[in-house]
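The working numbering numbers the first residue of the sequence shown as 166 and each following residue consecutively.
Heads up, the beta-carbon is just placed ideally off N, CA and C, and yes, glycines get one too.
Note that the structure is predicted; figures quoted are calculated from it, not measured.
Presented below is the structure to which this report refers.
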Amino acid sequence: MKRFSVIGAGKVGRVLAQRFHVSAAFQMQQILNRTLPSAQQACAFAGAGTAVADWAQLTPADVWMLAVGDDHLAAVCQQLVKQDVLQPGNVVFHCSGSKASTELQAATAAGVAVASVHPVRSFANPALVAADFSGTICSIEGDALALDVLSPALQSAGATLVQISAANKLLYHAGSVFASNYLVTLIEVALQTYAAAGIPPQQALAMAAPLARQSLENALTMGCAAALTGPIARGDLETVSRQQAAVQCWNRDTGELYRSFIPLTRQLASKRHHSEK
Numbered sequence: 166m167k168r169f170s171v172i173g174a175g176k177v178g179r180v181l182a183q184r185f186h187v188s189a190a191f192q193m194q195q196i197l198n199r200t201l202p203s204a205q206q207a208c209a210f211a212g213a214g215t216a217v218a219d220w221a222q223l224t225p226a227d228v229w230m231l232a233v234g235d236d237h238l239a240a241v242c243q244q245l246v247k248q249d250v251l252q253p254g255n256v257v258f259h260c261s262g263s264k265a266s267t268e269l270q271a272a273t274a275a276g277v278a279v280a281s282v283h284p285v286r287s288f289a290n291p292a293l294v295a296a297d298f299s300g301t302i303c304s305i306e307g308d309a310l311a312l313d314v315l316s317p318a319l320q321s322a323g324a325t326l327v328q329i330s331a332a333n334k335l336l337y338h339a340g341s342v343f344a345s346n347y348l349v350t351l352i353e354v355a356l357q358t359y360a361a362a363g364i365p366p367q368q369a370l371a372m373a374a375p376l377a378r379q380s381l382e383n384a385l386t387m388g389c390a391a392a393l394t395g396p397i398a399r400g401d402l403e404t405v406s407r408q409q410a411a412v413q414c415w416n417r418d419t420g421e422l423y424r425s426f427i428p429l430t431r432q433l434a435s436k437r438h439h440s441e442k
């Protein structure tokens, strides 16, 4: 069984480490975090591994996961290479959605196979994700050797794999941002707009929740064009114009956001109308 170590076990790192351990895909070895208590908590979550908080304590492993922030990937990889624990045939992979495996150039120069693995999930609640990981789509790209090692390990952990192009990582991840991060921001904007209209917070949430849930469910099951409702879908463009002006008067940024949705929503509405002819 290949030895597996982790650098930067935050939410994503902890979940993947736990799934690899439970499925016996790899043998957990070390988890390096900024602080020892944090590394110890990550080991406890994973159910295995030795916690370390000093680069000098790292020992050789066959597979390394770098689950650190995007902006730190290159520097962390360089630091790992400096520790002289990597050997030809090892695998180093990161978990960034936006950056490709080419970010690990220092490992490549050291003769190590590299890859990126990005689980398409929200990790706001790591325990819930770990318990319900089966079927999670993970996008992968990288060296053939790295993918040969990681693909069966991820599948045994319950992942469904989608291979993507390194050149398309930013665009691919933008899709995930729209589907997750910006969707959350949009709900917050809706709640703030209700508040500006004098609706109390709890009442605003009670109003927004069923609309958001049903609209999302309709879009996913019926298709986005068929799921579209509201003034643009009805062709009430005068209402849209007056509403945009009211929102702009209240909050400029929110007004511009509302404006930016108008042409895209009109395009979507035209698809629905065309299909009904």
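Exercise. When you compare each of ALA272, LEU393, ALA292 to PHE210 by their alpha carbons, which one comes out closest?
Worked result: Looking at the Cα atoms, ALA292 is the closest of the given residues.
Problem set entry | Member of ALA377, ASP308, LYS176, ASP219 whose CA lies at the smallest distance from the CA of GLN244 | The shortest Cα separation from GLN244 among ALA377, ASP308, LYS176, ASP219 belongs to ASP219.
Exercise. If you draw a straight line from the alpha carbon of ALA398 to that of ARG431, how long is it in whole angstroms?
Worked result: Going by the C-alpha atoms only, they are around 7 angstroms apart.
Problem set entry | From GLY400, HIS283, GLN368, SER299, residue whose alpha carbon lies closest to that of ALA331 | The shortest Cα separation from ALA331 among GLY400, HIS283, GLN368, SER299 belongs to HIS283.
For this session: Measuring alpha carbon to alpha carbon, tell me which of MET230, LEU370, GLY173, GLY363 ends up nearest LEU351.
Result: Among MET230, LEU370, GLY173, GLY363, the Cα nearest to that of LEU351 is on LEU370.
Problem set entry | Identity of the residue in ASP313, SER281, LEU269 nearest ILE329 by Cα | Of the listed residues, the one whose Cα sits closest to ILE329 is SER281.
Exercise. Does the Cβ-Cβ distance between PHE298 and ARG184 come in under 8 angstroms?
Worked result: Against a cut-off of 8 angstroms, the Cβ pair of ARG184 and PHE298 comes out as a contact.
Exercise. For SER261, which of helix, strand or coil comes out of DSSP?
Worked result: DSSP places SER261 in the coil class of the three-state scheme, outside both helix and strand.
Exercise. Does DSSP put PRO317 in a helix, in a strand, or in coil?
Worked result: DSSP places PRO317 in helix when its eight states are reduced to three.
Exercise. What distance in whole Å lies between the Cβ atoms of ILE196 and ALA182, which are believed to be in contact at a cut-off of 8 angstroms?
Worked result: Rounded, the Cβ-Cβ distance is 7 angstroms, consistent with contact.
Exercise. According to DSSP, is ALA278 helix, strand or coil?
Worked result: In the three-state DSSP reduction, ALA278 falls in the strand class (E or B).
Exercise. Across which residues does DSSP place PHE298 in a beta bridge pair?
Worked result: PHE298 pairs with nothing; no bridge assigned.
Exercise. Between LEU402 and the rest of its own chain, which residues show a CB-CB distance below 8 angstroms, the 5 nearest in sequence each way excluded?
Worked result: Answer for LEU402: PRO396, listed in chain order.
For this session: Go ahead and pull the three-state DSSP assignment for GLY178.
Result: The DSSP-derived three-state label of GLY178 is helix.
Problem set entry | Any 3 or more C-beta pairs closer than 8 angstroms across the region 305-321 and the region 264-281 | The region 305-321 is in contact with the region 264-281.
Problem set entry | One or two residues paired with THR215 in a DSSP bridge | Answer by DSSP bridge pairing, in chain order: GLN195.
Problem set entry | Cβ-based burial, CYS208 [other Cβ within 10 Å; buried from 16] | It counts as buried.
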